[in-house]
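Visitor: Let me begin by handing over the structure; questions about it come next.
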Amino acid sequence: MVKIAISEPYIHTNRFKILLFIFLFIFLAPAGGVPVGIDITDEAGITVSVPLNPRVVCLSAASAETVYALNASHLIVGRTETCTIPPELEKIPSLGSIAGEVDAESILATGAGLVISGVPPISAETERSLKSAGIPVLHYNALYVDTILPMIEDLSLILNREREADELKDFIKRYQNLINERIADISSEDRPKVYFMSMGDFYQTAGSDSTGNKRIEMAGGYNIGRNLTGIVPAVDAEWIIDKNPEVIVYSIRPDQYRATFPRIEEMAAKRDEIAALPGFDRIDAVKSGRVHVIDIGTLSGPRGIVGLLYLASWFYPDRFTDVDPAAVHEEMLRDFYHLNWHEPWAYPMSQSD
Amino acid sequence: MKRKVLALLLSLLGIILLTGVAVTLGSAHITPTQVYSCILARFFPDHFVTTDFLDTIVWKLRLHRVILAIFAGMGLAVAGAAMQGILKNPLASPFTLGIASAASFGASLAIILGAGFIGGEYLIVGNAFVFTIIASLGVYGLAKYRGVSPETMVLAGIAIMYLFSAMTSSLQYVGHSEQVHEVVFWMMGSLGRSSWDKVGIIALVTVLCSLILMRLSWDINALGAGDETAESLGVNVELVRVSGMMLAALITASVICFTGTIGFIGLVAPHITRMVVSGDHRFLLPASGLFGALLLLGADTMARTIMAPVILPVGIMTAFMGVPFFLYLFMKRRKEFW
């Protein structure tokens with residue numbers, strides 16, 4: 000009895016101490032030097048401190064696809080209407096049709112610890128509000144392979160998905176190296192002249208500072224608009240006919256087709272329109288049937304490597320006979336997006352189609 | 000009188016000369032001799048030679064664009080001159096009356112939502128046309144409600160302009176970035192969508208409506224002296240005002256539905272002309288038309304060549320060329336011209 004009488008207050012004090020210790024641990028541990036965040040330098044060259052494994056708002060298809068491919072889509076708490084691949088992402092609440100119209104309040108309401116912006120970007124006003132609320136914003140346009148790989152790397156560190164990231168990066172690098180090896184020996188005079196129709200417009204092309212120009216170069220083509228100033232310059236039809244490109248690539252944009260992906264009929268119709276443009280019957284690309292239509296989404300983000308593979312195989316059909324970009328795309332969708340899709344994303348896929 | 004006839008003749012000569020130069024300029028590497036040989040070969044196949052390539056460049060791409068510039072410039076300027084005369088207001092033009100912003104809204108509706116009155120190839124054109132007519136009727140209806148005084152008509156026009164601009168902005172808000180880009184491009188105006196069919200339609204509407212407006216020019220002059228005076232001179236004021244406005248709207252609609260909103264010509268070409276030939280509409284209407292044609296042809300030729308092969312939006316060039324000239328005339332005249 001005496002023991003008990005003595006031990007009662009003893010136990011109480013101990014309990015109090017334990018509780019106090021737990022509380023102190025919870026509240027003070029972060030300040031005590033245990034790492035909770037990581038410094039990340041994004042594509043825009045800005046370094047921000049980002050918490051580990053945060054809830055994420057993805058404002059571009061490229062970032063949402065990457066987070067999904069890294070097996071961390073359960074951390075996505077908000078997206079834009081542009082994030083539709085894989086369709087599982089559509090279950091996540093949409094905060095607006097494009098990044099520019101998403102406001103800070105709707106992002107804050109998701110409880111996100113990180114916002115990833117792309118093209119088009121988040122509005123400056125929203126970004127300011129988020130920063131003042133202590134929520135970091137990372138910018139990744141991820142429009143071509145050289146910018147996609149660093150994005151995957153950064154996101155893998157933040158989301159602790161290094162193994163998945165290695166697999167994805169290896170996949171992309173494998174085909175990037177394949178393209179580089181096969182086009183390395185081709186001199187600039189021997190590269191096919193390419194006219195790229197930008198933004199779904201026949202007469203707007205890829206100027207010197209554009210990603211379109213970069214993609215054509217990376218796939219071994221000679222962009223006839225490479226010296227034009229501006230990103231999407233509108234050009235004279237006379238000039239296109241005069242330059243006589245050997246290949247024409249038209250990027251079809253999401254509002255130009257009905258479903259998540261363009262159908263063959265929709266792409267074939269565009270191709271017919273191009274062939275019927277005044278004077279285009281004189282162009283070698285039209286004469287030889289080397290006019291290709293590709294889904295604009297397949298040119299950027301992680302799947303940008305598939306777009307690049309399509310371009311390279313269209314520029315050099317002889318050198319890529321053993322490579323089937325459609326099969327690579329299906330493999331990628333299956334392994335990283337868990338999709339068993341066999342849809343066309345480009346037309347005609349090869350010259351023999 | 001001599002001065003007025005001289006101004007008309009000089010403008011006409013200017014158009015002919017500029018057309019002659021404009022057809023030889025372009026991004027394709029062909030010489031002026033080849034261009035003329037190609038044009039003449041169509042009429043005298045035995046005496047002049049051409050090639051398939053030349054035919055493509057000159058007949059399929061260049062010539063109809065040059066002719067479109069002439070008729071579109073003429074149409075916009077005549078419409079502007081008529082609107083200014085009928086409303087007795089120097090600020091009246093397809094832009095300030097809300098007609099151009101209605102056309103932009105119609106086009107945006109087609110580009111962003113894919114919704115319209117006519118499907119297929121003419122979706123954007125059909126929408127722009129229909130909304131132009133709706134806005135013109137709206138301006139007139141609003142003004143009619145309280146009697147058609149020129150001041151109310153301009154005020155109503157400005158109100159309608161704001162309404163359609165707001166609706167266009169809200170559409171841009173929901174559109175994809177590529178679509179918004181296309182809308183902005185449309186709103187800057189371009190003759191790049193030209194074809195022989197379109198030239199035919201624009202030329203027909205512009206010439207017919209301009210001829211009718213010129214027949215009304217004496218009545219429009221009478222309106223300038225005040226409604227009561229005009230009525231005492233036997234002019235049916237309301238009929239002239241309504242039919243004149245509708246004709247001007249029809250010209251504007253048929254031009255901008257194909258070209259996008261080419262600003263400035265409808266407002267300034269008539270003013271510049273007025274400084275030279277005075278405000279008599281019997282001369283002002285045809286002279287404005289010719290000067291508008293000259294201005295748009297000059298601007299489009301510059302837009303095609305200054306950064307070739309990149310084509311600048313023609314609306315930018317009309318402002319760059321027209322505004323300094325306009326201000327120069329202001330400085331030189333130093334007196335009230337309106």
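Chains as they are written, first to last, in numbering that gives the first Met the number 0: chain A, 0 to 352; chain B, 0 to 337.
Positions of the beta carbon are idealized from the N, C-alpha and C atoms, including for glycine.
Quick test of the definition: if touching needs 3 or more C-beta pairs under 8 Å, does the stretch 104-111 of chain B touch the stretch 123-136 of chain B?
Guide: A contact exists between the stretch 104-111 of chain B and the stretch 123-136 of chain B.
Visitor: I need the boundaries of the alpha helix (DSSP H) containing D341 of chain A, first residue and last residue.
Guide: Before going further, note that residue 341 of chain A is His rather than Asp in the sequence given. Taken as a continuous stretch (DSSP letters only), H341 of chain A belongs to no alpha helix (DSSP H), as it is neither H nor E.
Visitor: Straight-line CA distance for E100 of chain A to S128 of chain A?
Guide: When rounded, the distance between both Cα atoms is 14 Å.
Visitor: State yes or no: is the C-beta of L284 of chain B within less than 8 Å of the C-beta of G72 of chain B?
Guide: Judged by their CB atoms, L284 of chain B and G72 of chain B are not nearer to each other than the 8 Å cut-off.
Visitor: Is the Cβ of E104 of chain A closer than 8 Å to any Cβ of chain B?
Guide: Closer than 8 Å to the CB of E104 of chain A there is not a single CB belonging to chain B.
Visitor: What is the residue span of the beta strand (DSSP E) that V76 of chain A lies within?
Guide: 75-78
Visitor: How big is the Cα-Cα spacing for T272 of chain B and E42 of chain A?
Guide: 55 Å
Visitor: Give a yes or no on whether 8 Å exceeds the smallest Cβ distance from R281 of chain A to chain B.
Guide: So yes, R281 of chain A belongs to the interface.
Visitor: Evaluate N52 of chain A with the Cβ neighbour count: other Cβ atoms within 10 Å of its Cβ, from every protein chain shown; 16 or more gives buried, anything less gives exposed.
Guide: exposed
Visitor: Can you check whether the C-beta of K59 of chain B is within less than 8 Å of a C-beta belonging to chain A?
Guide: yes
Visitor: Beta carbons nearer than 8 Å to chain A: which residues of the stretch 286-310 of chain B have them?
Guide: R303, M306, A307, P308, V309, I310
Visitor: What does a CB cutoff of less than 8 Å around T83 of chain A pick up in its chain, not counting 5 residues either side in sequence?
Guide: A60, E89, T259
Visitor: Output, in chain order, the set of chain B residues within a Cβ distance shorter than 7 Å of S400 of chain A.
Guide: Coverage of chain A is limited to positions 0 through 352, which leaves residue 400 of chain A absent and any answer about it impossible.
Visitor: If contact means a Cβ-Cβ distance below 8 Å, which residues of the stretch 177-211 of chain B contact chain A?
Guide: E177, Q178, H180, E181, F184, S189, G191, S194
Visitor: Spatial neighbours of G314 of chain B within its chain, please: CB distance less than 6 Å, with the 5 preceding and 5 following residues excluded, ordered by chain position.
Guide: M187, G188, I261, G262
Visitor: Rounded to whole angstroms, what's the CA-CA distance from E104 of chain A to D153 of chain A? Just pull it up for me.
Guide: 26 Å
Visitor: Under a Cβ-count criterion, where at least 16 other Cβ atoms within 10 Å of its own Cβ denotes burial, should G376 of chain B be classed as buried or exposed?
Guide: Since the first residue shown for chain B is 0 and the last is 337, residue 376 of chain B is missing from the structure and cannot be characterised.
Visitor: Counting contacts by CB-CB distance shorter than 8 Å, is L74 of chain A in contact with chain B?
Guide: no
Visitor: Under 7 Å Cβ-Cβ, which residues of chain B neighbour L137 of chain A?
Guide: Those within 7 Å of L137 of chain A in chain B number zero; the least Cβ separation is about 20 Å.
Visitor: Can you list the beta strand (DSSP E) stretches of 3 or more residues lying completely in the stretch 244-327 of chain A, in chain order?
Guide: List check, beta strand (DSSP E) in window: 246-251, 290-294.
Visitor: Quick one: what's got a C-beta closer than 6 Å to A318 of chain B's C-beta in the same chain, skipping five residues either side?
Guide: F263
Visitor: Can you list the residues of chain A that F52 of chain B reaches, using a CB-CB cut of under 7 Å?
Guide: R281
Visitor: For the stretch 314-348 of chain A, enumerate the residues whose C-beta is nearer than 7 Å to any C-beta of chain B, in chain order.
Guide: none
Visitor: Determine which residues share a DSSP beta bridge with A233 of chain A and list them.
Guide: A:Q203
Visitor: For S26 of chain B, which residues in chain A fall below 8 Å Cβ to Cβ?
Guide: V234, D235, E237, W238, D241
Visitor: Under 8 Å, CB to CB, which of the residues in the stretch 151-162 of chain B have a partner in chain A?
Guide: none
Visitor: So, does the stretch 220-228 of chain A touch the stretch 189-197 of chain A, judging by three or more C-beta pairs under 8 Å?
Guide: yes
Visitor: Name, please, each residue of chain B whose Cβ falls closer than 9 Å to the Cβ of D200 of chain A.
Guide: Chain B residues near D200 of chain A: E177, H180, E181, F184.
Visitor: Using C-beta distances below 6 Å, list every residue in its chain close to G25 of chain B, excluding the 5 sequence neighbours before and after it, in chain order.
Guide: So the list reads R61, once near-sequence residues are dropped.
Visitor: If the cut is a Cβ gap below 9 Å, which residues of chain A does I15 of chain B touch?
Guide: Here the premise fails: no neighbours, minimum Cβ distance about 23 Å.
Visitor: Going along the chain, which residues of the stretch 245-273 of chain A sit with their C-beta nearer than 8 Å to a C-beta in chain B?
Guide: Listed in chain order, the positions of the stretch 245-273 of chain A with a beta carbon within less than 8 Å of a beta carbon of chain B are R252, P253, D254.
Visitor: Does chain A have any CB closer than 8 Å to the CB of I261 of chain B?
Guide: Not closer than 8 Å to any Cβ of chain A, the Cβ of I261 of chain B fails to qualify, so no.
Visitor: For I250 of chain B, which residues in chain A fall below 8 Å Cβ to Cβ?
Guide: Neighbours of I250 of chain B on chain A: none; closest Cβ ~26 Å, over 8 Å.
Visitor: How should F43 of chain B be labelled, buried or exposed, when 16 other C-beta atoms within 10 angstroms of its C-beta is the threshold for buried?
Guide: exposed
Visitor: Could you tell me the distance, in whole angstroms, from the CA atom of P301 of chain A to the CA atom of S250 of chain A?
Guide: 17 Å
Visitor: Should E89 of chain A be flagged as near chain B, meaning a C-beta pair shorter than 8 Å?
Guide: Judged by the 8 Å Cβ criterion, E89 of chain A is not in contact with chain B.
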